[in-house]
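FYI, the numbering for the sequence shown is 913 to 989, going by this note's numbering. Even glycine gets a Cβ: it sits at the ideal position worked out from N, Cα and C. Quick caveat, the model's predicted, so the values are computed rather than measured.
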Amino acid sequence: MRLYKKAQGATEYIIIVGVVIIIALIVVIAMGGIPGIGKGATGRAVASYWATADVAVTDYAISASGTDTIIIKNNMR
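This is how it looks when you write it as structure tokens:
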């Protein structure tokens with residue numbers, strides 16, 4: 913009977929540690945801590961902000977030769 917309680921306690925501990933690790937991993941991914949995984953949401957949020965700002969940046973291009981093009985829009989109407 914005593915061995916059973918030890919095994920149950922160890923199993924509960926492993927499950928709790930697993931849940932904590934999964935939650936921590938979700939938080940790290942959401943914050944963009946892993947390169948390439950959380951960047952899509954950040955890029956969409958930034959694009960959404962600049963599309964609705966008073967002076968919106970609707971498109972941009974950067975060429976290898978150094979020519980930069982930015983298309984802006986006046987949202988102050």
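Hey, how far is the Cα of residue i from the Cα of residue j?
i, j, result
"Ala-968", "Asp-980", "17 Å"
"Gly-978", "Thr-970", "20 Å"
"Thr-923", "Ala-976", "57 Å"
"Leu-937", "Val-929", "12 Å"
"Ala-957", "Met-943", "13 Å"
"Ile-882", "Ile-934", "The requested residue 882 does not occur in the structure, where the chain is confined to residues 913 to 989."
"Ala-963", "Gly-921", "54 Å"
Quick one: measure Cβ to Cβ for residue i and residue j, integer angstroms, because I've assumed they're closer than 8 Å.
i, j, result
"Asn-986", "Ala-965", "About 10 Å separates the two Cβ atoms, so there is no contact after all."
Take residue i and list the residues in its own chain whose beta-carbon comes closer than 6 Å to its own, dropping the five residues that flank it on each side.
i, result
"Ala-959", "none"
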